[in-house]
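Working notes for the structure below.
Numbering (UniProt numbering), first residue to last: 1 to 359.
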């Protein structure tokens, strides 16, 4: 049975943001960060989080050096009488080209800590994902965002047969109450039955949303949103709005899909141990059932900036490109005619990786 410590947060959570691994890293180059995207996203997050940030000097909080980069000095006078007012955001990021290779090669996601290769892979995976976490925290800190990296393993999060068993949110709550922005990440964790597994950032977000009730959730990805097939294929259609029913079923609201036999194809990279977009959408649907709107949008674009700021809440602007997944109740928000209703969305073309199906 899942054991989640439900902490008391002194101010409402405005937004939980997922930085997709494919967006913030160069997915075809092992352990390489997409620095341009990370810098733009960090700047957009500052604009969304920090009151008056566009008109005030950015007070960098990374007072250390980086290879090939000048050290950032601290001018104490800049911080005098500066009360940094940040909205309550939580950031969670995926691993991308960090962690997945190590986990896939050693089979960490399948468990078996008694095997030397798995134990070594567990260590290697955590070294990789925590390295990325530090770099994301540093990027946010350079933008004046008071970020604190929190690892699920170190916070005591565990699973049982790959399902969440314990998620202690006390440190997340204390960080928020102290004025910090928690930055969590997908991680290798201990599993009560199989020894260990990989806990994806998308699953982490769903549990954070369930207990902290943010106003909205934003997934930043390397594509514009959810498509009816891989976006590289001809005639791929961007799904603008998906509505979720109380029973967990869901339908495409926009655009109108005349072909009721249309299926949604999702492919999963062979090295991806967390299920890729399949997991992302299934977790997003569970969040939407809580009455929390979820926006899936391409990172480092004007569309992501508008989603982060909350500008696209409510009616979706025609010039905004992305996918909104929201609760539609027992019928509200759903098309009703046979030509409009997509009866079911079936995911296929799975890899051999064991994936969590929709329910």
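Using N, Cα and C, we set each Cβ at its ideal position, and we do this for glycine too.
The structure presented is a predicted model; accordingly, all values stated were derived computationally and were not measured.
Any idea which residues DSSP pairs residue 361 with across the strands? No statement about residue 361 is possible, as the shown extent of the chain runs from 1 to 359 and does not include it.
With distances taken from CA atoms, which of 78, 31, 135 is nearest residue 125? Looking up residue 125 in the chain shown gives position 125. Residue 125 has its Cα closest to that of 31, out of 78, 31, 135.
Here's the rule I'm using: 16 or more other beta-carbon atoms within 10 Å means buried, otherwise exposed. How should residue 79 be labelled? Locating residue 79 in the chain shown gives position 79, where the first residue counts as 1. Burial state of residue 79 is exposed, judged by a 10 Å Cβ sphere holding fewer than 16 other Cβ atoms.
DSSP state of residue 270 mapped onto helix, strand, coil: Taking the first residue of the chain shown as position 1, residue 270 is located at position 270. Because the pLDDT of residue 270 is 41, which lies under 50, any placement of that residue in the model is unreliable, and the question is left without a value.
Alpha-carbon spacing of residue 122 relative to residue 196, whole angstroms: Taking the first residue of the chain shown as position 1, residue 122 is located at position 122. Taking the first residue of the chain shown as position 1, residue 196 is located at position 196. Per the coordinates, the alpha-carbon of residue 122 lies some 8 Å from the alpha-carbon of residue 196.
Nearest-angstrom Cα separation, counted from residue 115 out to residue 294: In the chain shown, counting from the first residue as 1, residue 294 sits at position 294. In the chain shown, counting from the first residue as 1, residue 115 sits at position 115. Spanning the two alpha carbons is a distance of roughly 40 Å.
Proximal residues to residue 36 (C-beta, below 8 Å), its chain only, five neighbours per side dropped: Within the chain shown, residue 36 is the residue found at index 36, counting from 1. Correct list, in chain order: 300.
For residue 209, which residues in the same chain have their Cβ closer than 7 Å to its Cβ, ignoring the five residues on either side in sequence? Taking the chain shown and counting its residues from 1, the one referred to as residue 209 is at position 209. Same-chain partners within the cutoff: 16, 217, 287, 290, 292.
Using only CA atoms, which one of 198, 76, 56 lies nearest to residue 63? For the purposes of this step, residue 63 is identified with residue 63 of the chain shown, where counting begins at 1. Comparing Cα-Cα distances from residue 63 to each of 198, 76, 56, the minimum goes to 76.
In terms of DSSP beta bridges, what is residue 182 paired with? Numbered from its first residue, the chain shown carries residue 182 at position 182. According to DSSP, residue 182 bridges with 148.
Which word fits residue 19, buried or exposed, when buried means at least 16 other C-beta atoms lie within 10 angstroms of its C-beta? One-based indexing of the chain shown puts residue 19 at position 19. Of the other Cβ atoms in all chains shown, 16 or more fall within 10 Å of the Cβ of residue 19; this residue is therefore buried.
Endpoints, alpha helix (DSSP H) assigned at residue 80: Your numbering for residue 80 matches position 80 in the chain shown. Run containing residue 80: none; DSSP gives neither H nor E here.
Tell me, please, whether the CB atom of residue 313 is closer than 7 Å to any CB atom in chain C? Among the chains of the structure shown, chain C does not appear; only one protein chain is present.
Going by C-alpha to C-alpha distance, which of 191, 316, 311 sits closest to residue 242? Numbered from its first residue, the chain shown carries residue 242 at position 242. The shortest C-alpha separation from residue 242 is found at 316.
Three-state secondary structure (DSSP) at residue 164? Here the question's residue 164 lines up with position 164 in the chain shown. Strand at residue 164.
How should residue 261 be labelled, buried or exposed, when 16 other C-beta atoms within 10 angstroms of its C-beta is the threshold for buried? Counting from one through the chain shown, the residue named residue 261 turns up at place 261. Interpretation of residue 261 is limited by its pLDDT of 41, a score under 50 that renders its predicted location unreliable; the figure taken from the coordinates is listed afterwards. Residue burial is scored here from C-beta neighbours: residue 261 has fewer than 16 other C-beta atoms within 10 angstroms and is therefore classed as exposed.
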